[in-house]
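Q:
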Amino acid sequence: MAVATLFLGLISPLLGQETTTKSAAQPAAQPAEKFEQWIYVPYRDLKSVLDKHPSAVFLPYMEYLRLWERAGAADQNAKGRPVEGVITQADYVATVDENLARVTATLSVQVLGKSWAEIPIQFGQAAIGRVTATRDGKAVQVLLRGTGAGRYSLLFPEAGTHTVTLELTARIRASADGHSFELDCPTVGMTTFELSVPRPQQAVDLTPRLVALPVKAAAGRTRVRARLGATPKISALWYPRVGQKPDMDLLTSVSNYQHISVRDGLVHTDVFLHHEVLRGELTQLRIAVPPGHRILDVASTQAKIRK
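Counting along the sequence shown from 1, when you hit position 200 you're at 654 in this note's numbering, and nothing is skipped either side.
(1) Do you know offhand how far Arg584's Cα is from Glu517's?
(2) Using CA coordinates, which residue listed in Ile573, Glu572, Ser562, Ala580 is at the minimum distance from Gly591?
(3) Is Pro745 helix, strand or coil when you go by DSSP?
(4) For Ile714, write down the residues that DSSP places opposite it in a beta bridge.
(5) Ends of the beta strand (DSSP E) at Gly583?
(6) Could you please give me the residues that DSSP links to Ala680 through a beta bridge?
(7) For Phe610, count neighbouring Cβ atoms within 10 angstroms of its own Cβ and tell me buried if that reaches 16, exposed if not.
(8) Assign Ile541 to buried or exposed, taking buried as 16 or more other Cβ atoms, counted over all protein chains shown, within 10 Å of its Cβ.
(9) In the DSSP assignment, what are the bridge partners of Trp692?
(10) In the structure shown, what three-state DSSP assignment does Lys568 receive?
(11) Distance check for Ala593 and Ile582, CA to CA, integer angstroms please.
(12) Alpha carbons only, please: which of Gly674, Glu730, Thr755, Ala555 is nearest the one belonging to Gln655?
(13) Straight-line CA distance for Pro536 to Val550?
(14) By DSSP, does Glu517 sit in helix, in strand, or in coil?
(15) To the nearest angstrom, report how far apart Phe635 and Arg520 are at their CA atoms.
(16) Taking all protein chains shown into account, do 16 or more other C-beta atoms lie within 10 angstroms of the C-beta of Thr645, making it buried, or fewer, making it exposed?
(17) Report all residues from its chain with a CB closer than 7 Å to the CB of Gly614; omit the five preceding and five following residues, and keep chain order.
(18) Please tell me whether Leu660 and Val642 are closer than 8 Å, where the distance is taken between their beta carbons.
(19) Which of the three DSSP states, helix, strand or coil, is assigned to Ser502?
(20) Figure out for me which residue from Leu597, Thr560, Leu664, Lys506 has the closest Cα to the Cα of Glu621.
(21) Output the distance between the C-alpha atoms of Arg681 and Glu523, rounded to the nearest integer angstrom.
(22) Measuring alpha carbon to alpha carbon, tell me which residue in Val725, Thr706, Ala624 is nearest Ile714.
(23) Ser607 lies in the beta strand (DSSP E); which residues open and close that run?
(24) Would you check if the distance between the CB atom of Thr623 and the CB atom of Leu554 is smaller than 8 Å?
(25) Rounded to whole angstroms, how far is the Cβ of Gln576 from the Cβ of Pro640, which I believe are closer than 8 Å?
(26) So is Trp692 buried or exposed if we call it buried at 16+ other beta carbons inside 10 Å?
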């Protein structure tokens, strides 16, 4: 029998009568745990085999198999789960409508050789309204599974290249800097983003924005398109360009100071009006005086007076 067989069993104690005598002289101990004991051939060369392998460990074959399986599972966990698929490209088209941004996300997914492969995606606070998928121009079934707050998984029944279209809705935020919205998205190697806002001549800031792409202009709207690269979040902010007057209702306050004096048989009234424009633009001002009064002079340090 080969020497390798020796390492798959337990060594039987090959001790003489002297060991038995010493054990009998000692106090009776609790019965030790019983192990299965085997002696493998070549038992005559056992000492020489042990000398060659001083760090050898002897254990039953079934225990050896259990340890081997556990070592294989630990190695698999260290390497991580195998890649089930890759999102190769993502295209987003966002259209702003009043207080909502409607986003159409088109994902190109390569599923790698496994049925019902699971691809994780995320869209944050955006709501998903519809999911469709095609493969080789034909509609296929793709399942959407929620895995957490703003996190989902796409389940594909077969391998191959799939095109997945998702309809998303995100909320618009208004601030002193302008209007904006944010969209969490899967990190993809190639990402493009297109935005259309319902006002012309708007300045649009995209984050991130690596390369601007040409896009056809639309009447009464502002459109931008850019290549973003790999990013987990897309932010868009738009506001009127410098020099464009905002469409806001006029809001102003006025302080009225009057000085009345009586001399030469007449009542003289000096009125000082201080206007402060809080919002919008003040283009003209109309003043009414009581009947019988005559305006002698009108002057201003900032406004133009038309008499």
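Backbone N, C-alpha and C fix where the C-beta goes; we use that ideal spot for every residue, glycine too.
A: Let's see:
(1) Here the question's residue 584 lines up with position 130 in the sequence shown. Here the question's residue 517 lines up with position 63 in the sequence shown. Going from the Cα of Arg584 to the Cα of Glu517 covers about 53 Å.
(2) By 1-based counting over the sequence shown, the position of residue 591 is 137. Cα-wise, what sits closest to Gly591 is Ser562.
(3) The residue given as residue 745 occupies position 291 in the sequence shown. Correct three-state label for Pro745: coil.
(4) Stepping through the sequence shown from its first residue, residue 714 is reached at position 260. Note: Ile714 sits in a beta bridge opposite Thr723.
(5) Here the question's residue 583 lines up with position 129 in the sequence shown. From DSSP, the beta strand (DSSP E) with Gly583 extends over 581–589.
(6) As a position in the sequence shown, residue 680 is number 226, starting the count at 1. In DSSP, Ala680 forms a bridge with Phe647, Ala666.
(7) Position 156 of the sequence shown, counted from the first residue, corresponds to residue 610. The residue in question, Phe610, is buried, as its Cβ has 16 or more Cβ neighbours within 10 Å.
(8) Along the sequence shown, one-based indexing puts residue 541 at 87. Buried, by the Cβ-count rule.
(9) Taking the sequence shown and counting its residues from 1, one reaches residue 692 at position 238. The partner list for Trp692 (beta bridge, DSSP) reads His633, Val658.
(10) Against the sequence shown, residue 568 aligns to sequence position 114. Coil, per DSSP.
(11) Taking the sequence shown and counting its residues from 1, one reaches residue 582 at position 128. Taking the sequence shown and counting its residues from 1, one reaches residue 593 at position 139. The straight-line gap from Cα to Cα measures roughly 19 Å.
(12) Your numbering for residue 655 matches position 201 in the sequence shown. Closest by alpha carbon: Gly674.
(13) Taking the first residue of the sequence shown as position 1, residue 536 is located at position 82. Taking the first residue of the sequence shown as position 1, residue 550 is located at position 96. For Pro536 and Val550, the distance between alpha carbons rounds to 39 Å.
(14) Indexing the sequence shown from 1 puts residue 517 at position 63. Looking at Glu517 - three-state DSSP - the assignment turns out to be helix.
(15) In the sequence shown, counting from the first residue as 1, residue 635 sits at position 181. In the sequence shown, counting from the first residue as 1, residue 520 sits at position 66. Using only the alpha carbons, I get a separation of about 55 Å.
(16) To locate residue 645, count along the sequence shown from 1; it is residue 191. It counts as buried.
(17) One-based indexing of the sequence shown puts residue 614 at position 160. The answer, listed in chain order, is Val565, Arg589.
(18) For this step, residue 660 is matched to residue 206 along the sequence shown. For this step, residue 642 is matched to residue 188 along the sequence shown. Taking 8 Å as the Cβ cut-off, Leu660 and Val642 do not qualify as a contacting pair.
(19) Counting from one through the sequence shown, the residue named residue 502 turns up at place 48. If DSSP states are grouped into helix, strand and coil, Ser502 belongs with the helices.
(20) Translated into positions along the sequence shown, residue 621 becomes position 167. Ranking Leu597, Thr560, Leu664, Lys506 by Cα distance to Glu621 puts Thr560 first.
(21) For this step, residue 681 is matched to residue 227 along the sequence shown. For this step, residue 523 is matched to residue 69 along the sequence shown. Between Arg681 and Glu523, the C-alpha separation is close to 48 Å.
(22) Residue mapping note: residue 714 aligns to position 260 of the sequence shown, counting from 1. Nearest C-alpha to Ile714: Val725.
(23) Here residue 607 refers to the residue found at position 153 when the sequence shown is read from its first residue. 605–610 is the extent of the beta strand (DSSP E) around Ser607.
(24) On the sequence shown, position 169 is the one that residue 623 refers to. On the sequence shown, position 100 is the one that residue 554 refers to. Result yes, Cβ atoms of Thr623 and Leu554 sit closer than 8 Å.
(25) Here the question's residue 576 lines up with position 122 in the sequence shown. Here the question's residue 640 lines up with position 186 in the sequence shown. Rounded, the Cβ-Cβ distance is 6 Å, consistent with contact.
(26) The count along the sequence shown starts at 1 and reaches residue 692 at position 238. Buried: at least 16 other Cβ atoms inside 10 Å.
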